[in-house]
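First the structure, in the form of structure tokens, and then the observations on it.
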Amino acid sequence: MDPTWQWCERVKENNRLKLKCGFCGNTLSGGIIRMKHHLAGTSKDASPCVGGPNKPLPPFVRQQCLDMLHALRQKRIQKEIEDADVGYNVPLEDEEEEDEAYECDDEDDSSLRTDLETSRGRDRRGKGIMYEGGQSGITGRKRRGTTDVRARRGMRPPSGRVPTG
């Protein structure tokens with residue numbers, strides 16, 4: 000069991016994410032890791048614990064929480080390194096099966112190319128504003144003569160005028 004639990008308590012019995020600090024009385028949501036950051040005084044989405052008038056924060060609690068957070072960080076970094084090494088050194092067994100499974104005739108290949116070209120065309124159409132000069136939406140609307148997006152879409156008349164029939 001994590002030693003941080005001795006310095007805090009659950010607000011509700013069945014909720015492990017909402018905790019109350021045993022020193023300052025602050026209620027934090029986010030679980031035991033956020034409580035460790037609170038007690039250690041690091042600025043990870045938690046205000047640092049200053050202790051209370053009746054129960055000041057002992058220095059060994061702050062140091063112990065810092066040590067636990069440092070150990071967690073080192074463990075996470077080591078795991079990422081190991082995962083990266085495994086991904087580069089071990090060949091996948093399914094690669095040969097994939098090559099055999101996707102053999103196709105020339106007729107199928109031409110239809111796939113056509114589908115790919117049309118889907119690429121759709122992708123480019125949606126990104127036209129972004130790639131044509133990088134102007135904001137307001138300048139583009141002014142240039143085209145429409146000042147209100149809702150008016151352009153037919154949600155209300157432009158310039159606030161009400162149609163009279």
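Here the sequence shown stands for residues 0 to 164, where the numbers follow numbering that gives the first Met the number 0. Virtual Cβ for every residue (Gly too), placed ideally from N, Cα, C.
Whose CA, out of the options, lies closest to the CA of residue i?
{"i": "G29", "options": "G40, R9 and G21", "result": "R9"}
{"i": "D44", "options": "V60, G50, K54 and L27", "result": "L27"}
{"i": "N25", "options": "N14, M0 and G51", "result": "G51"}
Give me, in chain order, the residues of the same chain whose beta-carbon lies closer than 6 angstroms to that of residue i; leave out the 5 immediate sequence neighbours on both sides.
{"i": "L65", "result": "A39"}
So, for residue i: in the same chain, excluding its five sequence neighbours on each side, which residues have a beta-carbon less than 8 angstroms away from its beta-carbon?
{"i": "T3", "result": "I31, M34, K35, L38, C64 and M67"}
{"i": "L71", "result": "I32"}
{"i": "E131", "result": "Low confidence applies here, because E131 scores a pLDDT of 47, under 50, leaving its location unreliable; read the following figure in that light. Excluding positions up to five away in sequence, the list is empty."}
Ordered along the chain, which non-local residues of its own chain (more than five positions away) have a Cβ less than 7 angstroms from that of residue i?
{"i": "C7", "result": "L18, K19, C20, G21 and M34"}
{"i": "R123", "result": "Note that R123 scores 48 on pLDDT, short of 50, meaning its location in the model is unreliable; the coordinates nonetheless yield the value given after this. Result list for R123: empty, nothing under 7 angstroms."}
{"i": "H69", "result": "none"}
Since residue i contacts residue j with CB under 8 angstroms, what's their CB separation in whole angstroms?
{"i": "V60", "j": "C23", "result": "Actually they do not touch by this definition, with Cβ atoms about 12 angstroms apart."}
Using DSSP bridges, identify the partner residues of residue i.
{"i": "T3", "result": "Paired residues: none, contrary to the question."}
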